[in-house]
Amino acid sequence: MKRLFDWLDHRTGVKKLTHEALYENIPGGSRWRYVWGSTLTFALMVQFITGIFLWMAYSPSSQTAWESVYYIQYQMSGGWLLRGIHHYMAQIMTVLLALHLMQVVIDGAYKAPREVNFWFGLVLLVLTLALSLTGYLLPWDQKGYWATKVSTNIAAITPLVGEQVQRLIVGGVDYGHHTLTRFFALHAGVLPFLIIALVVGHIYLFRRHGITAKEPRRKPDAAFWPDQVFKDAVACLAVMATVLFLIILPRLRDSNAVMGAELGAPADPSEAFSAARPEWYFLFLFQFLKYFPGETEIFGAMIIPSLFMFVIFLMPFLGKWKLGHRFNIMFLFALIAGAALLTYLAKMEDKNNPIYVAAVKEAEESARRVQTLAQAGIPPNGALMLLKNDPLTQGPKLFAARCASCHRFNGHDGLGGVPSDAQSAADLQGFGSREWLTKFLSPAHISSSNMFGGTKFADGKMARFVKKDVAGFSAEEKQQLEKVIKAISAEAQIPSQAAAEKADAAAIEEGRKLATNDTMRCTECHQFRKPDDTATAPDLTGWASQEWTVAIIKNPTHERFYGKRNDRMPAFGNEGILDDRQIQMLVEWLRGEGIVNARPGP
Amino acid sequence: MTEPNREPRRDFFKKASSVVIGGAITAIPFAAGVRVIMDPLRHKAAGGQRIRVTTLDSLPKDGTPRKFAILASRADAWNKYPDAPIGAIYLRRTGDNSVEALNVVCPHAGCFVDFRTEKKGFYCPCHNSLFAMDGKIADEKSPSPRGLDTLNTEIKGNEVWVEFQNFHTGTAKKVPVA
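Line by line, the protein sequences give chains E and V. Just so we're aligned, residue 2 is where the first sequence starts under the working numbering, counting upward by one. Just so we're aligned, residue -3 is where the second sequence starts under the working numbering, counting upward by one.
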């Protein structure tokens, strides 16, 4: 073993190198305050390891980026952990950078002859932030997409060349495949390469000048190994433990939560995302920009931050004077306190903004929904199509946009909001069900705002029949009505009632007879199960079934429905307001069809 | 460099813990990554799909083989394709109501064989080897360890159905890729 080592040493000088690396002198002995540089090196190494593994499963294009990240997160074993480490280590790294910078400034480690190394550090700081910025877009989810759009739009305000700069960063006029290939090449290639080169220089210069000892020296000098190495190792362990804790934190709060980094719904250029925010460590900039309206944005986005960076850049010179050093410390603390204050203000503003809160909730829901849908496989045109073709996602949106100005769904607009227009047509939650029909046929409810109250049928034939005749029904007639309700509701073939209808087959059959033989007087106006040219009210054959509901939305003025007596409802299909697919999704959602059950995540 | 009055035991503790901690915290991200790239080992190949390939009428009565692409639902990582090409076969009539199906993949190194009328057999362009009409090895110098792989077929009325399957190459035994 020793001979082999000697052989190797003779050819490489490894012994001397190790010795130099390990036995560097630390004036005044090891101290905890010297660990920050080592923790950053460790964090960087972890990012390289996890990044390269993620690279093996990531696919940068607008139809595969989200999809491959979804696959890593939810389908590949251990993917959530790998992604979680990479994600949270990036966040911890920004904290470590701030701590490292503070320690260097407080200890005056930037002073001559260490100016150049200080500048190396500053460039590394900027490069690391650039890594965060580029990495944020790569999952191509709503959050990363819209937040990055904002930052690339800021690039466009650069005087003279802004638009060209933006186009070069984005790789085209708009976001697309080349935005991802460029961001990915920057994130996994250019920036890491520059960082490695600069870190080598940074550590070389650090070793050349030695550590800046904190005075007074409490202990005699010591070697790097093992005292300082031990302290560094413990600090790195704490960093790793924090990362792991952050990964499992959601699960500690909620046993169904997904562990690891968040993955929102796939980027959707047609659906602006009001909850788009940069990562928390850029929030202060985001907040800062709010104070620069209109054309003055360039001050907040470029000029003032550049001036601050310039002051930090000049710190080695300022620090030559005793007062200058104090100024540097105060300046840095003021910057950090200011950033903290702005971050706090941004958080508070969002917390008290109902639009933001609702958007976050909606984003979380669609993220969960698309994850459920993706389990059955993603179509080649991307996961966004899963959401675009999903009745459960699109139904309530269409309802809110097109129906809720008159109708309601369980009292709201489908999405949980309350429309500005007063309700003037029926509440359609459970439309077609026995409960809905029972309520409709009750004297107390038919003319309420949840049924016919707001329509021109509020005192029509049907309402009069219910309020006079049904109100005076005998016990026997009430039983008959119950059967008729079961029979008519069975026409709707609502999925959630399938089991009950199987059990009640006899009652339904009886109800059908009662409805057709005119005991209940239904067929005086309605057609039911046999052609009736004299019918004036909507057809009860297949009432509220999928086909019936689609048809009435397409054209309520058709003879089969209200004919010329139609109230205000537009012919959504015939007038081209909604296309066939949209009407289909709306109806499927109303009927509670096609619900895919979620499988818990990792 | 080291202090004269250092306790060697304390030093050893620090050295040992540094090595152990350093190893452990580096191993965590590394292990997570290795676990993820090992993921393909957990998945099985989607073999043995029964696929309607063609009609009996479309196969020449004289037994000349015809090549067909196999289209089937295919899962590729996150994507699911309803009708994607997953391979190809040669079909040949062996009687009025019987056919033989051969996977076009040469069992030697996985190249696609090609039917040549003049050679009355299947020719593999990679190593210039020849297989007979029924798929058996037809040249002495053939590097292939076995003949072309036959596939299970079924005639339903006029329809020809094939149970498509790939097999491992390079072995004398025919082992399905699963």
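The beta-carbon is built from N, C-alpha and C at its ideal position, and this holds for glycine as well. Note that the structure is predicted; figures quoted are calculated from it, not measured.
| Anticipated Cβ contact below 8 angstroms, V/T50 with V/L98, distance rounded | 14 angstroms between Cβ atoms; not a contact.
| query | Should V/V100 and V/T149 be called a contact, given that it needs their Cβ atoms to be closer than 8 angstroms? | reply | no
| Inter-stretch contact at 8 angstroms, needing at least 3 Cβ pairs: the stretch 19 to 26 of chain E / the stretch 72 to 92 of chain E | no
| said: Just verifying my parser: in three-state terms, what is the DSSP assignment at E/F274? | reply: coil
| Per-residue burial, E/R34 [other beta carbons within 10 Å of its own, 16 or more giving buried] | exposed
| task | With 8 angstroms as the C-beta to C-beta threshold (strictly closer), list the residues of the stretch 8 to 20 of chain E near chain V in chain order. | result | none
| task | Starting from V/K10, find everything on chain E with Cβ-Cβ shorter than 7 angstroms and list it in chain order. | result | P227, D228, F231
| request: May I ask you to report which of helix, strand or coil DSSP gives E/I305? | output: When DSSP states are grouped into helix, strand and coil, E/I305 belongs to the helix group.
| message | Within a Cβ cutoff of 7 angstroms, which residues of the same chain sit near E/T439, ignoring the five residues on either side of it in sequence? | response | Excluding sequence neighbours, E/T439 sits near I486.
| From what residue to what residue does the alpha helix (DSSP H) around E/W8 run? | 3 to 13
| query | Apart from the five residues on each side of it in sequence, which residues of its chain come closer than 8 angstroms, Cβ to Cβ, to E/T182? | reply | Hits under 8 angstroms: P61, S62, G172.
| request: Within 10 angstroms of the Cβ of E/E363, are there 16 or more other Cβ atoms? Answer buried if so, exposed if not. | output: buried
| request: Using the Cα positions of E/E560 and E/Q480, report the straight-line distance between them to the nearest angstrom. | output: If you take the alpha carbons of E/E560 and E/Q480, they lie about 32 angstroms apart.
| request: Just confirm the distance between the C-beta atoms of E/S31 and E/D222, as a whole number of angstroms; I'd bet it's less than 8 angstroms. | output: Their Cβ separation, rounded to whole angstroms, is 10 angstroms, which puts E/S31 and E/D222 out of contact at 8 angstroms.
| message | Just to confirm the assignment: which complete alpha helix (DSSP H) runs, minimum length 4, are found wholly within the stretch 529 to 592 of chain E? | response | 547 to 555, 581 to 591
| request: Let me know if E/M349 comes out buried or exposed under the rule of 16 or more other beta-carbons within 10 Å of its beta-carbon. | output: exposed
| field | E/D323 versus E/A341 - alpha carbon distance | value | Just to set this straight, residue 323 of chain E is Lys in the shown sequence, not Asp. Computed Cα separation, rounded: 27 angstroms.
| task | Quick one: list the residues of chain V neighbouring E/A62, beta-carbon separation under 8 angstroms, in chain order. | result | It is worth fixing the name first, because residue 62 of chain E is Ser in this sequence and not Ala. None at all; the shortest Cβ gap to chain V is about 12 angstroms.
| field | E/T344 and E/S367 closer than 8 angstroms at C-beta | value | no
| In chain A, which residues lie with their C-beta within 8 angstroms of the C-beta of V/A42? | The structure shown contains no chain A; its protein chains are E and V.
| Taking 8 angstroms as the CB-CB cut-off, is E/M570 touching chain V? | Put simply, the CB of E/M570 is far from chain V, with every gap to its CB atoms at 8 angstroms or more.
| message | For E/A402 and V/A28, what's the separation of their Cα atoms in angstroms? | response | 46 angstroms
| field | Distance between E/V419 and E/T135 (C-alpha atoms, nearest Å) | value | Rounded to the nearest angstrom, the two C-alpha atoms are 39 angstroms apart.
| said: Taking the alpha-carbon of V/G153 as reference, which of V/A41, V/R31, V/R48 has the nearest alpha-carbon? | reply: V/R48
| query | For E/R115, which residues from the same chain have a beta carbon less than 6 angstroms from its beta carbon, with the 5 sequence-adjacent residues on both sides left out? | reply | H210
| task | State yes or no: is the beta carbon of E/V96 nearer than 8 angstroms to at least one beta carbon in chain V? | result | no
| said: Is E/Y72 close to chain V? Criterion is C-beta to C-beta, closer than 8 angstroms. | reply: yes
| said: I want to know whether the stretch 137 to 153 of chain E touches the stretch 184 to 200 of chain E - three or more CB-CB distances under 8 angstroms. | reply: yes
| field | Any 3 or more C-beta pairs closer than 8 angstroms across the stretch 454 to 462 of chain E and the stretch 414 to 432 of chain E | value | yes
| message | For V/R46 and E/W56, what's the separation of their Cα atoms in angstroms? | response | 36 angstroms
| task | Note down, in chain order, every chain V residue with its Cβ under 8 angstroms from the Cβ of E/V36. | result | The contacting residues do not exist; E/V36 stays about 12 angstroms from chain V at best.
| message | As a quick exercise: from E/D175, E/G396, E/R522, pick the residue whose alpha carbon is nearest that of E/M463. | response | Sorting E/D175, E/G396, E/R522 by C-alpha distance to the C-alpha of E/M463 places E/R522 at the top.
| Of all Cβ atoms in chain E, is any one closer than 8 angstroms to the Cβ of V/P25? | yes
| Hey, does V/R38 have any beta-carbon neighbour from chain E nearer than 8 angstroms? | yes
| said: Quick check: the stretch 160 to 176 of chain E against the stretch 277 to 290 of chain E, are at least 3 beta-carbon pairs closer than 8 angstroms? | reply: no
| Among the residues of its own chain, which have a CB less than 7 angstroms from the CB of E/A599, if the five just before and after it don't count? | Model confidence at E/A599 stands at a pLDDT of 41, short of 50, so the residue's coordinates are unreliable; what they give is reported in the following sentence. Only R369, T373 meet the Cβ criterion.
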